[in-house]
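Participant:
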Amino acid sequence: MRKFSWMLHLMLALLMALPVKAEPLLQGEAFVEQILVPMALADRDETFTWEELEQLLALAEKNGIQIPEEWLGQPQTMGSWYEDEMLKLIMKCKYGFYPLSWPWEVQLWWDERRYELWGEPYDQGNLRRPLPGEVTEEEAISIAKAQAMDMMERYQRPHKTFEEESCVMERSFYQPLGTTDPAERVWYITIFWMDDDKARYTVILSPDGVVKEAH
């Protein structure tokens, strides 16, 4: 009996010495899907009250999401905050300040979540996914980079690199309004540098990768 008691105490001591596994942090899409959306859909309002926002911000901080104060302003003086705006801020913390610079699949996901918060059926509008065999997002950005380099040389502008922290690459693939022909869809890519107002280039590509415009 004493031997069993001694072994039991030893096992308990070993278990207590084991490190406690931390709960995984919820970031970006996971935080939105598991916390923000359920809170938002708990009522029909399109806004969070200040009390709800305080709760949401506390949960965000608990998950390591630090929203800069300049993005929030002074929400407590407004009394409420639009739910889709909070969705955007949470995603900005993961993917950066400019939504059009987020990966294209993330932009499509974000667009669908916004319709969900509005309580409307998701309508893709004019946003599109490339079809098999068409230019992918990665390929479109590569073509746009080459065009931007060419324009730097052509216009004798200071050489910029795409690895600079100030470089932003906005992208979208959509069907222009008023058109139904799939061939009319375009990749619209704008590359700019936040520290240089003159360093800005826009490239428009057809689905097969042909450059329609570059300026």
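Per my numbering, residue 2 is the first one in the sequence shown, and the count goes up by one each step. Ideal Cβ placement from N, Cα and C applies to all residues, glycine included.
Any idea what DSSP makes of F32, helix, strand or coil?
Facilitator: The answer is helix: DSSP assigns F32 an H, G or I state.
Participant: Which value, in whole angstroms, describes the spacing of the CA atoms of Q35 and G120?
Facilitator: Using only the alpha carbons, I get a separation of about 17 Å.
Participant: When the Cβ atoms of the segment 135-143 are set against those of the segment 200-210, are three or more pairs found closer than 8 Å?
Facilitator: Yes: at least three Cβ pairs fall under 8 Å.
Participant: Rounded to a whole number of angstroms, what is the C-alpha to C-alpha distance between D197 and A43?
Facilitator: Straight-line Cα distance between these residues: approximately 45 Å.
Participant: Assuming E84 and L118 are in contact, meaning their beta carbons sit under 8 Å apart, how far apart are those beta carbons, in whole angstroms?
Facilitator: Yes, they are in contact, since the Cβ atoms of E84 and L118 sit about 5 Å apart, within 8 Å.
Participant: Closer than 6 Å by C-beta to I205: which residues in its own chain qualify, once you throw out the five before and the five after it? Chain order, please.
Facilitator: The answer, listed in chain order, is V187, Y189, K213, E214.
Participant: What number of angstroms, rounded off, separates the C-alpha of H216 from the C-alpha of L26?
Facilitator: About 43 Å.
Participant: For R1 versus V33, is the C-beta spacing smaller than 8 Å?
Facilitator: What the structure shows of the chain is the stretch from 2 to 216, and residue 1 is not part of that stretch, so it cannot be assessed.
Participant: Once DSSP output is grouped into helix, strand and coil, what is the label at W103?
Facilitator: In this structure, W103 counts as coil in the three-state DSSP scheme.
Participant: Quick check on the burial criterion: 16 or more other C-beta atoms within 10 angstroms. Buried or exposed for R129?
Facilitator: It is buried - the Cβ of R129 has at least 16 other Cβ atoms within 10 Å.
Participant: Exposed or buried, which one is D151 when buried takes at least 16 other CB atoms within 10 Å?
Facilitator: It is exposed - the Cβ of D151 has fewer than 16 other Cβ atoms within 10 Å.
Participant: Which of the three DSSP states is assigned to M40 in this structure?
Facilitator: M40 falls in the helix class under three-state DSSP.
Participant: Flag this pair as touching only if the segment 66-74 and the segment 87-95 have three or more C-beta atom pairs under 8 Å; answer yes or no.
Facilitator: A contact exists between the segment 66-74 and the segment 87-95.
Participant: Taking 8 Å as the threshold (C-beta atoms), are L101 and E171 in contact?
Facilitator: Yes.
Participant: So for Y175, helix, strand or coil by DSSP?
Facilitator: Y175: strand per DSSP, three-state reduction.
Participant: Roughly how many whole angstroms lie between the Cα atoms of Q28 and G74?
Facilitator: The straight-line gap from Cα to Cα measures roughly 22 Å.
Participant: For the alpha helix (DSSP H) that contains K213, what are its first and last residues?
Facilitator: Segment 212-215 is the beta strand (DSSP E) holding K213; no alpha helix (DSSP H) there.
Participant: Leaving out five residues on either side along the sequence, give the residues of the same chain with a beta carbon under 7 Å from the beta carbon of N64.
Facilitator: These residues qualify, in order along the chain: L26, L27, Q28, F32.
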